Each structure stands twice: as structure tokens, then as C-alpha cells.
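Undergrad: Below you will find the structure I want to go over with you.
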Amino acid sequence: MSERRVSALDSAWDTPPDADDFVREAVAWHFDPATGSRYWVERAKKLDFDPRRDVRTVADLTKFPNIVDELRDVPLEDLVPVGYKKLGTITEPPVVGESGGTTGAPKRVFAYPDVFEQSWSWYHGRLREHGVADGANWLGVVPAGPHMVGKLTRDTAAYFGGIFFTIDLDPRWAKRCVARGNVEALKDYVDHLISQIEFILRSQHIGTLAITPPLLEALSRRDDLVELINQKVGTITWSGASMDSDTRQVLRTEIFPKANLVGIFGSTMIFCGIPERAGLPVGEPAVFDPPAPFSLFSVVDPETLEPVPYGERGQTISHHITRNLFLPNNLERDTAIRHPHGLGHQGDSISEVRPVQNFGDVKVIEGVY
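In the numbering used here, the protein residues as written are 871 to 1239.
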């Protein structure tokens, strides 16, 4: 009896398959009624092309419409590929994650262990390239609840052998304060968060701080807390909101010169966190290389959707492709500078990420995350 061929969909993220082969296998899986989800099998009937016949390469992913807004309302069961039951490898329910609600009602995705364990492992490997220490305790100043960054940070602390501390952080409340123009309420909420952070920093041995840029900047305005962090913390990771290069440079060289400052780009819609490229010289912007072909970026002119030249700013398009989920051609609410992928993979790498002011008919609000 011949052995079953290993699918490109089951490749380790550190040893990625050929991107075009991967796309073909993903489309075959997600659009076959015997293996695909109810959502995509039904959605295919409304397309003006046949995905299994006409999508053969990464470039063909642009044939798909951007469907992520539909993830605000789709029942989760409709997104689960029925082929998972036949594989017999799933022993627990999926982990559900929601977006932060920056552009409206949250969007909702999921992952079974076979995918989030691959994503987490890839993330941990990139952090090791930055010299993140084993055994240090972590303080996670990131959203928990439905936000995947909370689980990722908690699991990462466990992976590195540290105790995980965290605080209550509700980014949706902060966004609501901003939307209403309630500056005093937002200031009070940030002060409340800083008080929680201070209590843990003063009472516990914290070696790694995972935090959002707005809250890191708020901490930097407290000289006593800056001194405390420089005494205790060896690594600071920032994620969840944008940070311009000048601010990053000041934080890295003047305010927290003793800490290893590592930027993380993440998105619920690509189901991974991407640490900045290791070894970048001081003064260079943080560049983020995605785990292609599982998550791919394109940086395009928002009017023509054609790629901008390397080194120029455009709007980002992401594709997330795993056995779990097929989310192609998602026009993100961010702009970025386009770079070649640092490992020579298909797709772009990005730097100097910042949100657009308006996305569709919705004003983009970052708040504290």
C-alpha cells in the first residue's frame, strides 16, 4: 500500500512549500464540496469564475472579491471545512478570534490546533532571532477576551518558560471614547491602565513587556516608570497600533536604551504575529517579513490595485491561506512601504505601517490598540 502524499497544506511554516503549488492545493481543498466549508462552496456559485479551474497561481488570488466584511455575520460553523472530520486529527474545538473593531463591528475567524500551533511556533522562532530570553516573566499589556493577541502572548510566555502577568485592557472601550470625542474619559482610562501596569512592575520580576505603542508612549512620560523598566525589562515588544519611525528611534535609543525593542505586526485576518526583521541597523525602520505563502502581502496603489514600486507607500492587501481558512484578497485598512521579502519568498514585506484615515464609509480609530 502506498503512503499518503503529504499535502503542501500540512507543510511546516519554517519550511514553506512552493507558493503556486500551495495555492492550487488550498483551492482544491476549500472549494471541493467533500472537504470545503459551507461558506466557500456556496460562495463559489456566485463567482464569475471556477476557483478549482481558474486559480492556479498566487497572482490568481486577485480574482476573488474581498469577503472579510462578511465575517462580521457569518455563523462560524459555516467557515469550518467539512474535510477536517475525515482527517480525524482534530480532538478539540477551534480557537475563535475577533478583530479589534477598528473599522466597525468585529470580524470573526477561527483556528484549529494544527494551524495555530504552526503559527505560534513560527512566531517563537522569529523572537529567538531577537535574543528573547528564556525564563523571564512576561507582562502582557494587550487585549485578551476575543482578541488572539492575548492568547498568543500568554502562550509565548509559557514557551519561553516565564510566568505570565496581565492587566484588564478593553480596546473597544477606548475606541468608543475616541469616536465620541471624550478626551477626558480616554485619559482617565489610560491612567487606569498605567496604574495596573505600575503595580505589577513594582511588585514582580518582569523581564519581557508586551505592550501597545500608545501605552508604551504613556509609560515613557513617567520618569519613575522609565527608570523601573530600564532596571528590570530586557525585551519590549510593541504591537496592535502604529508607531512611526521617529518615535521608534527615540524609544529605542533615548528612553529605553537598555531594552531590546521589537516591533510586531499582527492581524486577526492573517492569524499570526510577525516580529520585525532581525539585525536591522539603528536608524532603519522596522521591516516585517510575513510567513509566506501562508500569509502574503501586496502593497498596491489603492486606485489601480497595481503594485507600487519598492520603497514607495501603498495600501496593503493580505492573503491568509491555511487548511483552516481561505481569506484571499483582503484590502487592509493600513498603508505601508513596499519591500522585497527578506527570505526571497513570493509576496511583499512591509515597513512604516500606518492606518488610512477612512476605510470605506468608516473613520479608522486606533485608540490604545
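Every residue gets a Cβ at the ideal spot worked out from N, C-alpha and C, and that includes glycine. Just so we're clear, the structure is a prediction, and the values are computed from it rather than from any experiment.
1. Out of curiosity, what's the CA-to-CA distance linking K1102 and D1094?
2. Put E1054 into one of helix, strand or coil per three-state DSSP.
3. I1220 and G1181 look like a contact to me (Cβ under 8 Å); what is the Cβ gap, rounded to whole Å?
4. Going residue by residue through the region 1044 to 1115, where are the continuous alpha helix (DSSP H) segments of at least 4 residues, counting only ones entirely within it?
5. Would you mind stating whether T1186 and D1204 have Cβ atoms separated by less than 9 Å?
6. If contact is defined by three or more beta carbon pairs under 8 Å, each pair taking one atom from either stretch, is the region 1066 to 1078 in contact with the region 1008 to 1021?
7. Which residue wins for smallest C-alpha separation from F1126, given the options H1189, P1161, L1086, G1149?
8. Relative to the alpha-carbon of V1157, which residue among N1200, A904, R1224, G967 has its alpha-carbon at the smallest distance?
9. Under a three-way DSSP split, which group does I1125 fall into?
10. If distances are taken between C-alpha atoms only, which option among Y993, W883, H1209, L1089 comes closest to R1183?
11. Run through the DSSP bridge pairs and tell me what G1032 is partnered with.
12. Please classify V911: does DSSP put it in a helix, a strand, or coil?
13. Any contact between the region 1048 to 1062 and the region 1016 to 1025? By contact I mean 3 or more CB pairs, one from each, below 8 Å.
14. Of all the options V952, A1148, E947, A975, which has the alpha carbon lying nearest to the alpha carbon of V966?
15. Are N1199 and P951 touching if we call contact CB-CB under 9 Å?
16. Write down the C-beta distance between T1138 and V979 rounded to the nearest angstrom, noting that I regard them as a contact closer than 8 Å.
17. Are the region 1149 to 1167 and the region 1023 to 1040 in contact at 8 Å, needing three or more beta carbon pairs?
18. Please classify G1031 as buried or exposed, where buried requires at least 16 other C-beta atoms within 10 Å of its C-beta.
19. Thinking C-beta only, is C1142 closer than 9 Å to W899?
20. Determine whether the beta carbon atoms of L941 and K977 lie at a separation below 9 Å.
21. Kindly list the residues whose CB is nearer than 8 Å to the CB of P886, restricted to its own chain and excluding five residues on each side of it in sequence; keep chain order.
22. How should G906 be labelled, buried or exposed, when 16 other C-beta atoms within 10 angstroms of its C-beta is the threshold for buried?
23. What residue from Y1029, S1090, D888, E912 has the CA that sits closest to I1064's CA?
24. Helix, strand or coil, according to DSSP, for H1265 in the structure here?
25. Taking the beta strand (DSSP E) that R926 belongs to, which residues open and close that run?
26. Less than 8 Å between C-beta atoms, sequence neighbours within five positions excluded: which residues of the same chain meet that for R926?
27. Where does V1170 fall in DSSP's three states?
28. Could you give the distance in angstroms between the alpha-carbon of D1116 and the alpha-carbon of V938?
29. For R1046, which option in G970, H1017, E1202, N1130 has the closest C-alpha, if you only look at C-alpha atoms?
30. State the beta-bridge partners of V1132 as determined by DSSP.
31. Just to confirm, are F1196 and V897 a CB contact at a threshold of 9 Å?
32. Would A1027 pass as an interface residue toward chain B - the criterion being a Cβ-Cβ separation below 9 Å?
33. Could you tell me which of D902, G953, D930 sits nearest to G1217, measuring between CA atoms?
34. Buried or exposed: where does G1133 fall if 16 or more other Cβ atoms within 10 Å of its Cβ makes it buried?
35. Using only the alpha-carbon positions, how far apart do P1145 and L997 sit?
36. Run the CB neighbour count on L949, radius 10 Å, all protein chains shown included, and call it buried at 16 or more, exposed below.
TA: Reading it off the structure:
1. 12 Å
2. helix
3. Rounded, the Cβ-Cβ distance is 12 Å, inconsistent with contact.
4. 1053 to 1073, 1083 to 1090, 1093 to 1102
5. yes
6. yes
7. L1086
8. R1224
9. helix
10. H1209
11. According to DSSP, G1032 bridges with nothing at all.
12. helix
13. no
14. E947
15. no
16. 6 Å
17. no
18. exposed
19. no
20. yes
21. F892, P1161, A1162, P1163, F1164, H1215
22. buried
23. S1090
24. No answer is possible for residue 1265: it lies beyond the span of the chain, which begins at 871 and ends at 1239.
25. Per DSSP, R926 belongs to no beta strand (DSSP E) and is neither H nor E.
26. D890, V893, R894
27. strand
28. 33 Å
29. G970
30. T1107
31. yes
32. Any reference to chain B falls outside this structure, which holds one protein chain only.
33. D930
34. buried
35. 7 Å
36. buried
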